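There are 4 protein chains.
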Amino acid sequence: MEKETARIEGFSDGVFAIAITLLVLDLRIPATENNEPQTLVHSLLTQWPSFLAFSLSFFSIFIMWVNHHKMFKQIYRRNTLLMFANGLILFLATCISYPTALLARYYGTPSATAAVAVYTGLFVLINLAFNLLWSTASRNRKLLRPAISDAAVRKIGRNYQYGLPVHLSAFLLSFCWAGGALILCVALWTYWAFTSGRLDLPDEKPVNVP
Amino acid sequence: MEKETARIEGFSDGVFAIAITLLVLDLRIPATENNEPQTLVHSLLTQWPSFLAFSLSFFSIFIMWVNHHKMFKQIYRRNTLLMFANGLILFLATCISYPTALLARYYGTPSATAAVAVYTGLFVLINLAFNLLWSTASRNRKLLRPAISDAAVRKIGRNYQYGLPVHLSAFLLSFCWAGGALILCVALWTYWAFTSGRLDLPDEKPVNVP
Amino acid sequence: MEKETARIEGFSDGVFAIAITLLVLDLRIPATENNEPQTLVHSLLTQWPSFLAFSLSFFSIFIMWVNHHKMFKQIYRRNTLLMFANGLILFLATCISYPTALLARYYGTPSATAAVAVYTGLFVLINLAFNLLWSTASRNRKLLRPAISDAAVRKIGRNYQYGLPVHLSAFLLSFCWAGGALILCVALWTYWAFTSGRLDLPDEKPVNVP
Amino acid sequence: MEKETARIEGFSDGVFAIAITLLVLDLRIPATENNEPQTLVHSLLTQWPSFLAFSLSFFSIFIMWVNHHKMFKQIYRRNTLLMFANGLILFLATCISYPTALLARYYGTPSATAAVAVYTGLFVLINLAFNLLWSTASRNRKLLRPAISDAAVRKIGRNYQYGLPVHLSAFLLSFCWAGGALILCVALWTYWAFTSGRLDLPDEKPVNVP
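Chains as they are written, first to last, in numbering that gives the first Met the number 0: chain A, 0 to 209; chain B, 0 to 209; chain C, 0 to 209; chain D, 0 to 209.
Below, the structure written as structure tokens:
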């Protein structure tokens, strides 16, 4: 059966690719008045929160794209709710550059808590949107790949079950230990990076040789 | 029959994806001098017109993309007029970030009327461009999907018939009640969101199983 | 025969789509201190050179994309020179936003001549790059669509033969009449818009019905 | 056998296309107060380091895309490591705009060494990432195109073997002769431009005529 979702995936890939690349616009070179090498090197080193925030957000959007890709490999048809759950994911992915800039500006200041709380809070919303997408798709089997097995559907759901509780914990932790909240997020994203290969279901491998 | 319009759709999807993602560049973090948490939280809260304008415009471009998608599922061939009607839609979609920034800056000030009038006025033009696209395609049946029925063509036309009068009303309303004009637009876009599923015509469903 | 150029076209479409959309970033809202409606409306009206420059450049990149599309419909294979002629076109298309910003800033000032000369000068370079692309492709028939006729190759070449002399004339004219140089460019682009349909060669129409 | 990597290539093309186009945002028009033509022409000429940095980086990303394209023509399957080697390439490609802006700002000042060292240092990292990608793919033959020969795999490896040593030399050279380091990079990229055609393997040519 032909996939109805090809143009949705293409549009989503476009939005993810742009959102991930626009992050670099917040890496601004130091605005030093003098041209001395020591000043430049020193200014570059004091920009570390910007590089950290850029790297974190790039990695998080890349993982979101991998997860999105894994889910849409199993989604073959769409309905209105699925279209808008996907639209919500794209909206929130586009937003990431805003708390990234907050993090770059305020990490290491007394306002770090507020910045990290906004940052991790956005990921709580992103997880809710991904859960809405996958529950919409998996509740209505007609939207999924025809030959998919129950075990495969459950396997995908299980892989993402830690998303919401971990991000929620990171959000709460941000109020007492900002750095710890970021470490928790990175730990989850790394887990997803390592387990993403396990989601390649054996029954989806194409068998026709050219 | 092969679709002649594949590269037009790909290019249009690219422009929509970029236009929708660039909106976030106008969400600038507060430029506060001090680093106190209260100052940051207060500055974030006073930015609400920016968040509102960003969300509205993101949603409106997403709906435009869905509508564009629905129309091009029925368009198989192109002529010069269709190419330029589509180019006009892309031009106006790209422009949306400008009145969005106006809205973010002036909503809640004595200039709200002017900002909302420019914003809703752009949507009047966008509707004229969409009407030009669909009337070009539906007047010349050779441009449409070969097996399409008259009922299907009329069904699509009917779904968008409210676009021009509602946006025109919002434009006129903006001069006496700026907030009401925005509510009117959101109501129309929500109607389109809910009815977009109805436009999946039964006779376009692929029947060949892999 | 399979097209070897699919990924080149995809990448080129991406660059054109981004270049055309980034133009809007130079449409900045007026930076007025007070919030009076009269001030806002007045500031908007004095921005007309920005709107003019944006519209001109959007239209010119759209026409470039249409022309690029027409040529690549006939190009099936690639060699190193063709790859880099295409790279040069993308480089120059990306550059357009720079003289567009110059035009927006200096049109209507004593520096209009310099701004329009840079603007039209860029289009002379773009034409040289397009000529390099098409002469590379048409000199080496193995790069073109297998069934293409000599008449079709000449027809495409003829359609673009005015490009270089007209843009060169516009560049020279810019030194004595800046506005006239822009009018000359728009006249050529409009000619291309109207004749682009004529380049759909009858022998490329697919004949297999689904 | 169907390629599993189509969506990865599409996403990568998107990121390359955006990263290459965003470079133009650092070409800012001169911020002169007066509107005299001589001032404008003089300001344009003093911006030459910006034009040089923009051209260099555009050319380098274009070559990276060509190389990426050549490698992925031979890669048919993916595993987790390959996904993340590719993610690392995209991350570093996105970063290029930052040292480009440094180069534009500090080339010709006493800080040129630091700017060129950061610039060439990034290309050392990019080469390590490309080596990781190709060694991951070529060590595990199941990831490659089924019919690929050992000679073809070695040929691709050989073409990129100069990448790491030349960029490392450029990085070291930057500390004593900043201009020389850039010339070394351009020489390598030009070599890759001229040899990229040689990587079209004879056994990958499609033979089925429509």
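Just so it is clear, CB atoms sit at the ideal spot from N, CA and C, and this is done for glycine as well.
Note that the structure is predicted; figures quoted are calculated from it, not measured.
Should residue i go down as buried or exposed, given a rule of 16 or more other Cβ atoms within 10 Å for buried?
{"i": "D210/D", "result": "Since the first residue of chain D shown is 0 and the last is 209, residue 210/D is not available in this structure."}
{"i": "W47/D", "result": "exposed"}
{"i": "L44/A", "result": "exposed"}
{"i": "G13/A", "result": "buried"}
{"i": "L39/C", "result": "buried"}
{"i": "F193/D", "result": "exposed"}
{"i": "S56/A", "result": "buried"}
{"i": "L171/A", "result": "exposed"}
{"i": "S134/B", "result": "exposed"}
{"i": "H166/C", "result": "buried"}
{"i": "G156/B", "result": "exposed"}
{"i": "S11/C", "result": "buried"}
{"i": "A186/B", "result": "exposed"}
{"i": "R76/C", "result": "buried"}
What number of angstroms, rounded off, separates the C-alpha of residue i from the C-alpha of residue j?
{"i": "N207/B", "j": "A146/A", "result": "Unreliable positioning characterises N207/B in this predicted model, as indicated by a pLDDT of 40, which lies under 50. A coordinate reading is not provided."}
{"i": "T79/D", "j": "A5/D", "result": "16 angstroms"}
{"i": "F71/B", "j": "I17/D", "result": "25 angstroms"}
{"i": "I182/C", "j": "N66/B", "result": "35 angstroms"}
{"i": "A103/D", "j": "Q160/D", "result": "30 angstroms"}
{"i": "V23/A", "j": "V23/D", "result": "13 angstroms"}
{"i": "S49/C", "j": "Y105/A", "result": "35 angstroms"}
{"i": "D202/B", "j": "R138/A", "result": "Reliability fails at D202/B, whose pLDDT of 45 lies under 50, so the model's placement of it is uncertain and no value is given."}
{"i": "I95/A", "j": "L163/C", "result": "45 angstroms"}
{"i": "W191/B", "j": "F53/C", "result": "30 angstroms"}
{"i": "I74/B", "j": "R153/B", "result": "14 angstroms"}
{"i": "A184/B", "j": "F174/B", "result": "In the sequence as displayed, the identity of residue 184/B is Cys instead of Ala. Approximately 15 angstroms, taken between the alpha carbons."}
{"i": "F58/A", "j": "M82/D", "result": "12 angstroms"}
{"i": "A151/C", "j": "L143/B", "result": "27 angstroms"}
{"i": "A30/A", "j": "A111/D", "result": "15 angstroms"}
So with CB distances below 7 angstroms, who are the chain C contacts of residue i?
{"i": "C94/B", "result": "V23"}
{"i": "H68/D", "result": "R6"}
Applying a beta-carbon distance threshold of less than 8 angstroms, which residues of chain D neighbour residue i?
{"i": "V14/C", "result": "A16, I19 and T20"}
Going by C-alpha distance, which of the options is nearest residue i?
{"i": "T189/A", "options": "M63/A, L22/A, C94/A and I7/A", "result": "M63/A"}
{"i": "A84/C", "options": "K69/C, V123/C and L132/C", "result": "L132/C"}
{"i": "P98/A", "options": "A114/A, L21/A, S195/A and S110/A", "result": "A114/A"}
{"i": "L91/B", "options": "S42/B, R157/B and N126/B", "result": "N126/B"}
{"i": "K69/B", "options": "F58/A, F170/A, W176/A and E3/A", "result": "E3/A"}
{"i": "I19/C", "options": "F61/C, G9/C, S11/C and T31/C", "result": "F61/C"}
{"i": "F122/C", "options": "T93/C, L143/C and L142/C", "result": "T93/C"}
{"i": "A100/A", "options": "I7/B, A177/B, L187/B and I28/B", "result": "I28/B"}
{"i": "I88/A", "options": "L143/A, P109/A, I7/A and N158/A", "result": "I7/A"}
{"i": "T119/A", "options": "D25/A, A177/A, G86/A and F129/A", "result": "A177/A"}
{"i": "A180/B", "options": "N158/B, H41/B, K141/B and A116/B", "result": "A116/B"}
Against chain C, does residue i count as a neighbour if the rule is that its beta carbon must be under 8 angstroms from one of theirs?
{"i": "F193/B", "result": "no"}
{"i": "V40/D", "result": "yes"}
{"i": "F122/B", "result": "no"}
Since residue i meets chain A, which of its residues come closer than 7 angstroms, beta carbon to beta carbon?
{"i": "N34/B", "result": "Y105, T108, P109 and S110"}
{"i": "G196/B", "result": "N78 and T79"}
Since residue i meets chain D, which of its residues come closer than 7 angstroms, beta carbon to beta carbon?
{"i": "K64/A", "result": "The question names Lys, yet the displayed sequence has Trp at residue 64/A. Chain D residues near W64/A: F10."}
{"i": "A100/C", "result": "I28"}
{"i": "M118/C", "result": "According to the sequence displayed, residue 118/C carries Tyr and not Met. Within chain D, no residue comes near Y118/C; the closest Cβ sits about 12 angstroms away, beyond 7 angstroms."}
{"i": "F61/A", "result": "G86"}
{"i": "F90/C", "result": "F57"}
With a cut-off of 8 angstroms, does the C-beta of residue i fall near any C-beta of chain A?
{"i": "L142/D", "result": "no"}
{"i": "G179/D", "result": "no"}
{"i": "F83/D", "result": "yes"}
{"i": "Y190/B", "result": "no"}
Beta-carbon of residue i versus every beta-carbon of chain B: anything under 8 angstroms?
{"i": "T79/A", "result": "yes"}
Does chain D have any CB closer than 8 angstroms to the CB of residue i?
{"i": "F57/A", "result": "yes"}
{"i": "L113/C", "result": "Per the sequence presented here, residue 113/C reads as Ala, with Leu not at that position. Chain D, which has a Cβ nearer than 8 angstroms to the Cβ of A113/C, makes this yes."}
{"i": "F71/C", "result": "no"}
Going along chain C, which residues have a C-beta under 8 angstroms from residue i?
{"i": "Y97/B", "result": "V23, L26 and I28"}
So with CB distances below 7 angstroms, who are the chain B contacts of residue i?
{"i": "R138/A", "result": "Near R138/A there are no residues of chain B at all, since even the closest Cβ is about 16 angstroms away, more than 7 angstroms."}
Any heavy atom of the ligand ZN within a distance shorter than 7 angstroms of the CB on residue i?
{"i": "Q37/D", "result": "In terms of ligand content, the structure shown is empty, and the ligand ZN therefore cannot be addressed."}
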